[in-house]
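Peer 1: Take this structure, written in structure tokens, and hold onto it; I'll ask about it next.
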Amino acid sequence: MGKKKTLTLLSSAFALSMVLTGCSDSGETGDASGASDTEIKFMHLWPEGSSKKHYDVVNEIIAEYEAENEGVSVDLEVLSNEQYKDKLRVLSTSGDLPDVGLTWAAGFLEPYVGGNMFAPLDDVIEEDLSDAFVPGTTEAYALDGATYGLPLELNIVSLYYNKAMFEEQGITPPETYEELETAIAEFNDAGIQPIALGNRDSWTGSMWYMYLADRIGGAEVLNKAIDRSGSFEDPALVEAAAKTQELVDSGAFVNGFNGLADEEAKSMFMSGQSPMYLIATWDLPNFTTNESVPQEFRDSIGYLNFPTVEGQGDPSSFVGGPGVGLFVAEESEVKEEAKDFAAYFVKAWGEEAVTKAGVIPATKVDAETLDLPEMYVDILNELNGATNITLFADVQMSPDVAQVHLDSVQALFGNEITPEEFAENHEEALSSE
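Under the working numbering, the first residue of the sequence shown carries the number 22, and numbering increases by one thereafter.
Below you can see the structure in the form of structure tokens.
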């Protein structure tokens with residue numbers, strides 16, 4: 022197993038003058054028309070059926086690349102998210118990875134890098150993309166001193182809230198944990214379930230725990246526990262687990278939350294059943310530009326930075342990090358052409374993705390040239406002023422430890438284990454590696 026990589030993006034990394042951050046179930050394939058001297062196999066996870074805007078942007082970039090590079094064609098395969106992950110694993114065992122594909126950061130990279138399957142891309146960054154990325158984002162794709170992915174997305178997690186529901190009940194949007202407790206009690210008194218949470222897959226609950234850990238113990242406490250320079254038995258991390266159960270016991274979350282999928286919780290928020298929902302900027306289009314969502318709902322949505330806890334914590338410290346990025350297969354027979362295509366794709370992706378698909382990219386874009394909804398601009402300002410972004414805990418961890426983390430989050434929210442047992446589970450899993 023390769024060395025773990027944790028990510029903390031400091032304020033200096035975000036001192037930017039202009040930055041823009043942020044299929045059906047069967048696979049889809051497409052071939053360029055006409056013969057070509059070079060074929061680049063590209064596999065991604067934005068099917069036309071479920072991610073049409075992403076799908077269209079990818080096809081436009083490919084068409085432009087082929088038009089500018091005579092004799093080169095891109096052979097495209099498109100799968101849904103889970104199918105994509107499954108096929109990537111299968112192809113890795115047969116040594117038949119696509120020339121270019123999508124990967125996630127940190128822990129996800131480790132088995133592929135350890136197996137010498139992904140090519141180092143530092144040369145691409147230095148030659149073609151030296152000033153393209155939001156500073157600090159490529160570090161999430163680095164292991165043992167080399168970079169193996171070119172990030173496409175950047176996400177931060179915010180507490181989205183329904184302004185109309187707050188106004189109807191005369192409740193103040195919470196900026197502190199104490200105000201959050203008050204809002205929870207007042208919504209419950211009004212017969213309204215306060216927070217939409219679908220914790221069946223547990224990464225949603227992990228975000229709540231991570232923020233509480235950040236506010237109580239600071240930006241480094243969780244990272245240090247994971248990279249073993251610290252411990253999950255740190256008092257701040259145990260207290261964060263206790264605060265998590267305190268929220269559960271206060272009736273903060275919708276009924277049956279531990280058995281609900283995130284999509285179900287999202288539906289409860291977007292249908293006005295619950296006034297609060299903690300999620301990353303990948304859902305920002307639903308609150309701004311998605312025309313299939315009623316304008317009245319979009320107009321009623323605001324966002325809050327996660328509250329401080331008993332006067333502790335920096336509101337400009339975020340949970341989040343880069344989303345998917347591009348890899349190039351180490352054994353590709355057209356490796357140099359694949360690197361060229363990956364660099365071209367990254368450059369084209371930024372402005373195309375934000376204007377046409379609502380993605381907050383990991384590359385810098387001149388925001389003044391774009392017509393963006395107010396919430397996008399506000400989120401960009403948050404990123405410009407961010408003092409820290411801590412990468413999602415399960416992404417930082419190896420797959421085995423990540424599963425222990427997610428299972429423990431599920432049990433913590435279900436009051437099946439104590440905060441101390443939650444910490445012990447993590448310590449045992451991390452120490453065994």
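Just so you know, even glycine gets a beta-carbon here, dropped at the ideal spot from N, CA and C.
If you draw a straight line from the C-alpha of residue 265 to the C-alpha of residue 215, how long is it?
Peer 2: On the sequence shown, residue 265 is found 244 positions in, with the first residue counted as 1. On the sequence shown, residue 215 is found 194 positions in, with the first residue counted as 1. Cα to Cα, the separation comes out at about 15 Å.
Peer 1: Quick one, are the C-beta atoms of residue 253 and residue 433 less than 9 Å apart?
Peer 2: In the sequence shown, residue 253 corresponds to position 232, counting from 1. In the sequence shown, residue 433 corresponds to position 412, counting from 1. No, these two residues do not count as a Cβ contact at 9 Å.
Peer 1: Check this for me: beta carbons of residue 402 and residue 270, under 9 Å apart or not?
Peer 2: One-based indexing of the sequence shown puts residue 402 at position 381. One-based indexing of the sequence shown puts residue 270 at position 249. Against a cut-off of 9 Å, the Cβ pair of residue 270 and residue 402 comes out as no contact.
Peer 1: Can you give me the start and stop residues for the alpha helix (DSSP H) that residue 228 sits inside?
Peer 2: The count along the sequence shown starts at 1 and reaches residue 228 at position 207. From DSSP, the alpha helix (DSSP H) with residue 228 extends over 224-238.
Peer 1: Less than 9 Å between the C-beta atoms of residue 348 and residue 336, yes or no?
Peer 2: What you label residue 348 is simply residue 327 of the sequence shown in a count that begins at 1. What you label residue 336 is simply residue 315 of the sequence shown in a count that begins at 1. For residue 348 and residue 336, no; Cβs fall outside 9 Å.
Peer 1: Hey, would you say residue 358 sits closer than 9 Å to residue 61, going by beta carbons?
Peer 2: Against the sequence shown, residue 358 aligns to sequence position 337. Against the sequence shown, residue 61 aligns to sequence position 40. Cβ atoms of residue 358 and residue 61: closer than 9 Å.
Peer 1: Indicate the three-state DSSP secondary structure (helix, strand or coil) for residue 393 in the structure shown.
Peer 2: Taking the sequence shown and counting its residues from 1, one reaches residue 393 at position 372. Reduced to three states, the DSSP call for residue 393 is coil.
Peer 1: With a threshold of 16 other CB atoms inside 10 Å of the CB of residue 360, please say whether the residue is buried or exposed.
Peer 2: Reading the sequence shown from its first residue, position 339 is the one you call residue 360. So residue 360 counts as buried.
Peer 1: Which complete alpha helix (DSSP H) runs does the segment 72-110 hold, if anything under 4 residues is left out?
Peer 2: 73-89
Peer 1: Using only the alpha-carbon positions, how far apart do residue 378 and residue 82 sit?
Peer 2: Working through the sequence shown from its first residue, we reach residue 378 at position 357. Working through the sequence shown from its first residue, we reach residue 82 at position 61. Those two C-alpha atoms are separated by around 13 Å.
Peer 1: When DSSP labels each residue in this structure, what does residue 287 get in the three-state scheme?
Peer 2: As a position in the sequence shown, residue 287 is number 266, starting the count at 1. Residue 287 falls in the helix class under three-state DSSP.
Peer 1: Taking 8 Å as the threshold, find out whether the segment 173-182 comes into contact with the segment 286-302 through three or more Cβ pairs.
Peer 2: yes
Peer 1: May I ask which residues mark the beginning and end of the beta strand (DSSP E) holding residue 186?
Peer 2: Numbered from its first residue, the sequence shown carries residue 186 at position 165. Where residue 186 is concerned, there is no enclosing beta strand (DSSP E), although the alpha helix (DSSP H) it sits in stretches over 184-190.
Peer 1: Where does the unbroken alpha helix (DSSP H) through residue 367 begin, and where does it stop?
Peer 2: Translated into the one-based positions of the sequence shown, residue 367 becomes position 346. For residue 367, the enclosing alpha helix (DSSP H) has its first and last residue at 356-378.
Peer 1: Out of 343, 399, 157, which has the shortest C-alpha to C-alpha gap to residue 309?
Peer 2: Residue numbering aside, residue 309 sits at position 288 when the sequence shown is read from its first letter. It is 399.
Peer 1: Could you name the residues of the same chain whose beta carbon sits closer than 7 Å to that of residue 233, not counting the 5 residues immediately before and after it, in chain order?
Peer 2: Residue numbering aside, residue 233 sits at position 212 when the sequence shown is read from its first letter. 261, 264, 265, 330, listed in sequence order.
Peer 1: Please tell me whether residue 135 and residue 350 are closer than 9 Å, where the distance is taken between their beta carbons.
Peer 2: Translated into positions along the sequence shown, residue 135 becomes position 114. Translated into positions along the sequence shown, residue 350 becomes position 329. Not closer than 9 Å, so no.
Peer 1: Touching or not, the segment 237-254 and the segment 179-194, by the rule of three or more beta carbon pairs under 8 Å?
Peer 2: no
Peer 1: Can the beta-carbon of residue 66 be found less than 9 Å from the beta-carbon of residue 111?
Peer 2: Residue numbering aside, residue 66 sits at position 45 when the sequence shown is read from its first letter. Residue numbering aside, residue 111 sits at position 90 when the sequence shown is read from its first letter. Cβ distance not < 9 Å, so residue 66 and residue 111 don't count as in contact.
Peer 1: Can you give me the C-alpha to C-alpha distance between residue 162 and residue 128, rounded to a whole angstrom?
Peer 2: The residue labelled residue 162 in the question sits at position 141 within the sequence shown. The residue labelled residue 128 in the question sits at position 107 within the sequence shown. Distance between the alpha carbons of residue 162 and residue 128 is about 9 Å.
Peer 1: How would you label residue 417, buried or exposed, when you count the other beta carbons within 10 angstroms and need 16 or more for buried?
Peer 2: Translated into positions along the sequence shown, residue 417 becomes position 396. When all chains shown are included, residue 417 counts as buried.
Peer 1: Drop a sphere of 10 angstroms on the beta-carbon of residue 204, count the other beta-carbons inside from all chains shown, and report buried for 16 or more, exposed for fewer.
Peer 2: Mapped onto the sequence shown, residue 204 falls at position 183. In the assembly as shown, residue 204 is a buried residue. Its beta-carbon has 16 or more other beta-carbons within 10 Å.
Peer 1: Check each candidate in 449, 443, 120, 187 and name the one with the smallest Cα separation from residue 294.
Peer 2: Numbered from 1 along the sequence shown, position 273 holds the residue referred to as residue 294. With respect to the C-alpha of residue 294, the residue from 449, 443, 120, 187 having the closest C-alpha is 187.
Peer 1: Please report the straight-line C-alpha distance between residue 323 and residue 382, rounded to a whole angstrom.
Peer 2: Within the sequence shown, the letter at position 302 stands for residue 323. Within the sequence shown, the letter at position 361 stands for residue 382. Rounded to the nearest angstrom, the two C-alpha atoms are 21 Å apart.
Peer 1: Based on Cα-Cα distance, which residue from 373, 268, 319, 206 lies nearest to residue 385?
Peer 2: In the sequence shown, counting from the first residue as 1, residue 385 sits at position 364. Closest by alpha carbon: 373.
Peer 1: Which residues does DSSP list as the beta-bridge partners of residue 324?
Peer 2: In the sequence shown, residue 324 corresponds to position 303, counting from 1. DSSP lists 181 as partners of residue 324.
Peer 1: My guess is that residue 95 and residue 86 are in contact by the Cβ rule of under 8 Å, so how many angstroms apart are they, rounded?
Peer 2: In the sequence shown, the residue the question calls residue 95 occupies position 74. In the sequence shown, the residue the question calls residue 86 occupies position 65. Right, the Cβ-Cβ distance comes to about 7 Å (below 8 Å), so this counts as a contact.
Peer 1: DSSP has residue 174 in a bridge; who is on the other side?
Peer 2: Position 153 of the sequence shown, counting from 1, holds the residue named residue 174. DSSP, once it has assigned bridges, lists 382 as partnering residue 174.
Peer 1: Output the distance between the C-alpha atoms of residue 167 and residue 283, rounded to the nearest integer angstrom.
Peer 2: The residue labelled residue 167 in the question sits at position 146 within the sequence shown. The residue labelled residue 283 in the question sits at position 262 within the sequence shown. Their Cα atoms are separated by approximately 34 Å.
Peer 1: Taking buried to mean at least 16 other C-beta atoms within 10 Å of its own C-beta, is residue 221 buried or exposed?
Peer 2: Here residue 221 refers to the residue found at position 200 of the sequence shown. With at least 16 other beta carbons inside 10 angstroms of its own, residue 221 counts as buried.
Peer 1: Could you work out which residue in 126, 449, 124, 170 is closest to residue 144 when comparing CA atoms only?
Peer 2: Indexing the sequence shown from 1 puts residue 144 at position 123. Nearest option by C-alpha distance: 170.
Peer 1: Does the distance from the CB of residue 287 to the CB of residue 307 come in under 9 Å?
Peer 2: Against the sequence shown, residue 287 aligns to sequence position 266. Against the sequence shown, residue 307 aligns to sequence position 286. Yes, the Cβ-Cβ distance between residue 287 and residue 307 is below 9 Å.
Peer 1: Can you tell which of 124, 72, 64, 126 has its C-alpha closest to the C-alpha of residue 380?
Peer 2: Counted from its first residue, the sequence shown places residue 380 at position 359. Nearest option by C-alpha distance: 72.
Peer 1: Residue 124: buried (16+ other C-beta within 10 angstroms of its C-beta) or exposed?
Peer 2: Taking the sequence shown and counting its residues from 1, one reaches residue 124 at position 103. By the neighbour-count criterion, in which a residue is buried when 16 or more other Cβ atoms sit within 10 angstroms of its Cβ, residue 124 is buried.
Peer 1: Could you have a look at residue 413 and say whether DSSP puts it in helix, strand or coil?
Peer 2: Counting from 1 along the sequence shown, the entry for residue 413 is found at position 392. Three-state DSSP puts residue 413 in coil, outside helix and strand.
Peer 1: Take the Cβ of residue 415 as the centre, count every other Cβ of all protein chains shown within 10 Å, and call the residue buried at 16 or more, exposed below.
Peer 2: Start at 1 with the first residue of the sequence shown, and residue 415 comes out as number 394. Buried, by the Cβ-count rule.
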